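Novice: Residue numbers (UniProt numbering): 1 to 477.
#1: Which residues in the same chain as residue 340 place their Cβ atom closer than 8 Å to its Cβ, once the five residues preceding and following it in sequence are excluded?
#2: On the three-state DSSP scale, how would you describe residue 290?
#3: Nearest by alpha-carbon distance to residue 125: which of 252, 153, 408 and 423 is it?
#4: Just to confirm, are residue 389 and residue 139 a CB contact at a threshold of 8 Å?
#5: Does the ligand FAD have even one heavy atom less than 7 Å from the beta-carbon of residue 172?
#6: Can you tell me the Cα-Cα spacing of residue 162 and residue 156, whole angstroms?
#7: Measure the beta-carbon distance from residue 135 to residue 393 and round it to whole angstroms, keeping in mind my assumption that it falls under 8 Å.
#8: Roughly how many whole angstroms lie between the Cα atoms of residue 123 and residue 130?
#9: Going by DSSP in three states, residue 113 sits in which element: helix, strand or coil?
#10: List the whole-angstrom C-beta distance separating residue 146 from residue 386, where the pair is believed to meet the contact cut-off of C-beta under 8 Å.
#11: Expressed to the nearest angstrom, what Euclidean distance is found between the alpha-carbon atoms of residue 179 and residue 169?
#12: From the DSSP output, in three-state form, read off residue 262 for me.
#13: Whole-angstrom Cβ separation of residue 358 and residue 184, contact assumed at under 8 Å?
#14: Going by alpha carbons, who is nearest to residue 274 out of 250, 289 and 310?
#15: In whole angstroms, give me the CA-to-CA distance for residue 420 and residue 426.
#16: Taking the C-alpha atoms as reference points, what is the distance between residue 227 and residue 312?
#17: Less than 8 Å separating the beta-carbons of residue 333 and residue 195?
#18: Look at the alpha carbon of residue 422 and the alpha carbon of residue 142, and state the distance between them as a whole number of angstroms.
#19: So, using beta-carbon positions, are residue 280 and residue 298 closer together than 8 Å?
#20: For residue 160 and residue 132, I'd like the C-alpha separation in whole angstroms.
#21: Rank 253, 199 and 370 by C-alpha distance to the C-alpha of residue 219 and give the top, closest one.
#22: On the criterion of 16 or more Cβ atoms from any shown chain inside 10 Å, does residue 383 qualify as buried, or is it exposed?
#23: Counting C-beta neighbours from all protein chains within 10 Å, is the total for residue 215 16 or more, i.e. buried, or is it exposed?
#24: Determine whether the beta carbon atoms of residue 269 and residue 290 lie at a separation below 8 Å.
#25: Tell me whether residue 211 is buried or exposed, calling it buried when 16 or more other Cβ atoms sit within 10 Å of its Cβ.
#26: Are there 16 or more other CB atoms within 10 angstroms of the CB of residue 330, so buried, or fewer, so exposed?
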């Protein structure tokens, strides 16, 4: 099938060239005027539609210019190969209009009967009519293919528009996402700065409170040392009480040096102090008679120490409350930082998902572009084929008109020759021998206006040819 199509393409090219040469040689007799209407209005309409489609594809397919140039080069190479292959592979003889016209001229100029000449011309004309009908069928098929390609192109253009809309939406989403990410980053930086300032303020306050606590501890330490010296100066009988006070002072020093003192430890120390006070009271009761004055003084000192202890306990509770507040602020800042970190992780995940989707849409967009380029190349190929077929069709129309004009001229010549022969036969009634001789040599019968007597199959061919000529005349009109 491919070889037949290539052979037909080569024959059509040769016929087009020969039609041009015949049209130039016979332009005075039967060439159509420049203002003549088109033979087929369907072709004109299809030409206008293809021109409109070219405009649309020129706007939408500007990116496929390089692909079209490559397609043109490949089409030219393919045509050259097909022309070379058909000349070598096909053993059949091609249709050559020049040879046909030269043969027709030789037949007309040669010696022989006019009926045989008319039969030869009739057969040649029938072959041309069959070729013309085959080209018309081929043209209709090409028009159908062109419509299918146009529908396919419209579908692809719709898909391309949808892809462009999706791409624009994705670009807008990406821009919004970038803006949102920038805002989130700016907010996170601002929050980090605020948290840093709060931490600095809290650390400064904490440092001031620690300094105050150390100052008070130093003052109390000095007071305790003075009390210790006073207790050492007491009598040896109160040695145990002084040792207990020393242990208590050591415990107080440890408590004051510790920053994170718990409430239970203070309560335990208070209980220990109460036990010591009870023991002191017992000792004072035993030695009341002997050391009444010392016991009274010691009681007064114990009361002072209890008051100091209450004051220290209140200060310790206040410091513990401040420390708890500071710890609460730290926990809140940690919670805020953790929530911010979780939000950043979520945003990074969404960004990665959107990047993957954008890459997927990008690949789809590239595939759509490739499909559009391929369809544009196919459409250009079909347009070229349709243009070639239209040109060939026009050339065949010109050839048919030229042949019709020649046929009319030949019929007119035959009619004139028949009239002349009739006149000669009328004048030669007196010479029967000459009449019989002329009738046997060259004169046709009286009904030779259309064609000489022929066999039955030739008359059938003539009738079919006349019907085809009539149909072609109606079409041309």
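All residues carry an ideal CB built from backbone N, CA and C; glycine is no exception.
All values reported here derive from a predicted model rather than from experimental measurement.
Specialist: If we stick to the structure as given:
#1: 188 and 191, listed in sequence order.
#2: Coil.
#3: The residue from 252, 153, 408 and 423 with its alpha-carbon nearest to that of residue 125 is 408.
#4: It is a contact, given that the beta carbons lie within the stated cut-off.
#5: The model on display carries no ligand, and the ligand FAD is accordingly not part of it.
#6: The alpha-carbon atoms of residue 162 and residue 156 are separated by roughly 10 Å.
#7: Indeed, because the Cβ distance is near 6 Å, the residues count as touching under 8 Å.
#8: When rounded, the separation of the alpha-carbon atoms in residue 123 and residue 130 is 11 Å.
#9: DSSP places residue 113 in coil when its eight states are reduced to three.
#10: Right, their Cβ atoms sit about 6 Å apart.
#11: Each residue's Cα considered, the two are about 15 Å apart.
#12: Three-state result, residue 262: coil.
#13: The C-beta separation of residue 358 from residue 184 comes to about 20 Å, leaving the pair out of contact by the 8 Å criterion.
#14: Of the residues 250, 289 and 310, the one whose Cα lies closest to the Cα of residue 274 is 310.
#15: Answer to the nearest angstrom: the Cα atoms are 10 Å apart.
#16: Those two C-alpha atoms are separated by around 16 Å.
#17: Yes.
#18: Rounded to the nearest angstrom, the two C-alpha atoms are 54 Å apart.
#19: Going by C-beta atoms, residue 280 is nearer than 8 Å to residue 298.
#20: Roughly 41 Å between the two C-alpha positions.
#21: Comparing Cα positions, the closest option is 253.
#22: Residue 383 should be labelled buried.
#23: Classification of residue 215: exposed, given that the 10 Å Cβ count is below 16.
#24: No, Cβ-Cβ distance for residue 269 and residue 290 is not below 8 Å.
#25: Exposed: under 16 other Cβ atoms inside 10 Å.
#26: Looking at its Cβ environment, which holds fewer than 16 other Cβ atoms inside 10 Å, residue 330 is exposed.
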